[in-house]
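Residue 230 in UniProt numbering sits at position 230 of the sequence shown, and the numbers go up by one each step. Shown next, in structure tokens, is the structure this report addresses.
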Amino acid sequence: MSTLQIERIDTFSGHRGPVYSLEKGVDSLFYSAGSDGWVVQWNLAKPDLGKVIAQVEGSVYAMKLDAAGILWVGHNYEGIQGIQVADQAQVFSIPTKGLSLFSIAFVGSNAWIGHNEGLITVVDMATKSVIKHIKASSKSVRCFCILADDFVAVGYSDGFIRVFDTTFQLVHSFKAHESSVFSLQSRGGELFSVGKDARIKRWSADFQLLNEVIGHIYAIHDLQFSPDGKWFATASMDKTVKVWESETLTLRKVLDASRHGGHKNSVNKLIWSSFDDLLVSASDDKNLSIWKIH
């Protein structure tokens, strides 16, 4: 078994509150946002030189960059604001009538937006018009994952994963976790889920449980795969980031404050960039940590 080497190569600071959302950009760029309403562009090739490209009202829990270079920024209770990242221009705004906003996914030509009260708003990305509301639960919609043939797996705060087809019909539903499902990711036809119950679960293509582990002491907020899919990382309320083998769910490394200079508060979000295979973690401690794992 090969030995993983961990190096924390930088800390990006500047946010005035907890950081809740990360989004990959082009090449070495990525974006962060959180409770301060700042949307910050960072460059992994130029350490700690963040640029505020937008400021919105309310906390930001979700962002998504589209193919046209527009960052869809979900500011809580207000709606979606579209920011052209090249010149920081606001190009559109979609109000959401006081709803919480937890997740954004692009499915074909539509954007799916996850809210509280079990509501999904589907927006035509070209016209920015709402074309559908989907409600399959009374509990919050926390995360999306695009599966084969544009099926969409959705994680809810009632612990269920619900799967919808391209006509917005519910085609499958199953109890996956004891409480909120916070992150869903697919790999090789399989689905990985994490949630408030601190468990990591791996599901087959037909949603049969293949294996599971208790991953952390407290809630797991995010799961992200390495660019080659061999590893995945998890972020937790217990202040740690952990690195696992994807095939076996074997724990390989724990990134914490005492051993690696990690975060001092809850870790909320991750991205694993294809730029030099760098892992980025965002935390309630207002900081972003940059990790080299090899």
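All C-beta atoms in this analysis are idealised placements derived from N, C-alpha and C, irrespective of residue type, glycine included.
Using CA atoms only, rank isn't needed, just tell me which of ILE200, TYR156, ILE134 is closest to PHE102.
Ranked by how close their Cα comes to the Cα of PHE102, the residues ILE200, TYR156, ILE134 have TYR156 in first place.
Just how far apart, CA to CA, sit ALA225 and ARG8?
Note that residue 225 is Phe in the sequence shown here, rather than Ala. When rounded, the distance between both Cα atoms is 18 Å.
Beta-carbon proximity list for THR121, same chain, < 7 Å, skipping 5 on both sides:
Taken in chain order, the residues that qualify are THR96, ILE113, HIS115, VAL130, HIS133.
Ends of the alpha helix (DSSP H) at ILE258?
With the sequence shown as reference, residue 258 is identified as Ser, and Ile is not the correct amino acid for it. Boundaries of the alpha helix (DSSP H) around SER258: 257-260.
For LEU270, count neighbouring C-beta atoms within 10 Å of its own C-beta (all shown protein chains included) and say buried if the count is 16 or more, exposed if not.
So LEU270 ends up on the buried side.
Give me the Cα-Cα distance between LEU279 and SER289, rounded to the nearest whole angstrom.
Those two C-alpha atoms are separated by around 8 Å.
On the three-state DSSP scale, how would you describe ALA153?
When DSSP states are grouped into helix, strand and coil, ALA153 belongs to the strand group.
Could you check the C-alpha separation between THR3 and SER274 for me, to the nearest Å?
Between THR3 and SER274, the alpha-carbon positions lie close to 21 Å from each other.
Of all Cβ atoms in chain B, is any one closer than 7 Å to the Cβ of VAL19?
In the structure shown, chain B does not exist; there is a single protein chain.
Between the stretch 41-49 and the stretch 229-248, are three or more C-beta pairs nearer than 8 Å?
No: fewer than three Cβ pairs fall under 8 Å.
Could you work out which residue in SER137, VAL171, SER138 is closest to PHE151 when comparing CA atoms only?
Selection SER137, VAL171, SER138 evaluated against PHE151 yields VAL171 as nearest (Cα-Cα).
Assuming VAL107 contacts ILE146 under a Cβ cut-off of 8 Å, what Cβ separation, rounded to an integer in Å, is found between them?
With 8 Å as the limit, VAL107 and ILE146 qualify as a contact, their Cβ atoms being about 6 Å apart.
Chain-order list of residues whose beta-carbon lies under 6 Å from that of HIS221 (same chain, five-residue window excluded):
Its chain contains PHE182, ALA235, ASN268 as the residues whose beta carbon lies nearer than 6 Å to that of HIS221, once the 5 sequence neighbours on both sides are disregarded; these appear in chain order.
Distance check for PHE144 and LEU249, CA to CA, integer angstroms please.
Approximately 22 Å, taken between the alpha carbons.
When the Cα atoms are used, what is the spatial distance from TYR218 to GLY195?
Rounded to the nearest angstrom, the two C-alpha atoms are 9 Å apart.
Cut-off 8 Å between Cβ atoms - residues of its own chain near ASN287, not counting five sequence neighbours on either side
The residues are THR11, PHE12, SER13, HIS15, VAL19, HIS263.
Give, in chain order, every unbroken run of the beta strand (DSSP E) that is at least 3 residues long and sits entirely within the stretch 121-185.
As far as the stretch 121-185 is concerned, its whole beta strand (DSSP E) runs of at least 3 residues are 130-135, 141-146, 152-156, 160-164, 170-175.
Taking LEU209 as part of the beta strand (DSSP E), name the residues at either end of that continuous run.
Its beta strand (DSSP E) spans residues 209-214.
Thinking C-alpha only, which one of VAL26, ALA33, LYS46 is nearest ALA67?
Answer by Cα proximity: VAL26.
On a Cα-Cα basis, can you pick out the residue from GLY69, LEU22, ARG142 that is closest to LEU184?
Nearest option by C-alpha distance: ARG142.
Quick one, which of LYS46, PRO47, GLU23, ASN76 has its alpha-carbon nearest VAL56's?
The shortest Cα separation from VAL56 among LYS46, PRO47, GLU23, ASN76 belongs to ASN76.
Rounded to whole angstroms, what is the Cα-Cα separation between GLY34 and SER59?
Near 5 Å, if we compare the C-alpha coordinates of SER59 and GLY34.
Name, in chain order, the residues that DSSP records as bridge partners for VAL107.
Note: VAL107 is bridge-paired with ASN110 in the DSSP secondary-structure output.
So ASN43 is in the beta strand (DSSP E); what residue range does that whole segment cover?
Its beta strand (DSSP E) spans residues 38-43.
In its own chain, which residues sit with a C-beta less than 7 Å from the C-beta of ALA126, not counting the 5 before and 5 after it?
Around ALA126: SER109.
Mapping DSSP to helix, strand and coil, what is LYS239?
Three-state result, LYS239: coil.
Cβ-based neighbour list, LYS17, same chain, cut-off 7 Å, excluding 5 preceding and 5 following:
For the record, residue 17 in the displayed sequence is Gly; it is not Lys. Taking C-beta separations shorter than 7 Å and ignoring five residues to either side along the sequence, the partners of GLY17 in its chain run GLY34, SER35, ASP36, LYS286, following chain order.
Let's test the definition: count the other Cβ atoms within 10 Å of the Cβ of GLU23 and tell me whether it reaches 16, buried, or not, exposed.
So GLU23 counts as buried.
Starting from the Cα of SER179, find the closest Cα among ALA148, SER140, ALA282 and give me that residue.
Among ALA148, SER140, ALA282, the Cα nearest to that of SER179 is on SER140.
C-beta contact flag for GLY69 and VAL52 at 7 Å
Against a cut-off of 7 Å, the Cβ pair of VAL52 and GLY69 comes out as no contact.
Label ALA282 either buried or exposed according to how many other C-beta atoms from any shown protein chain fall within 10 Å of its C-beta, with 16 as the threshold for buried.
That one is buried.
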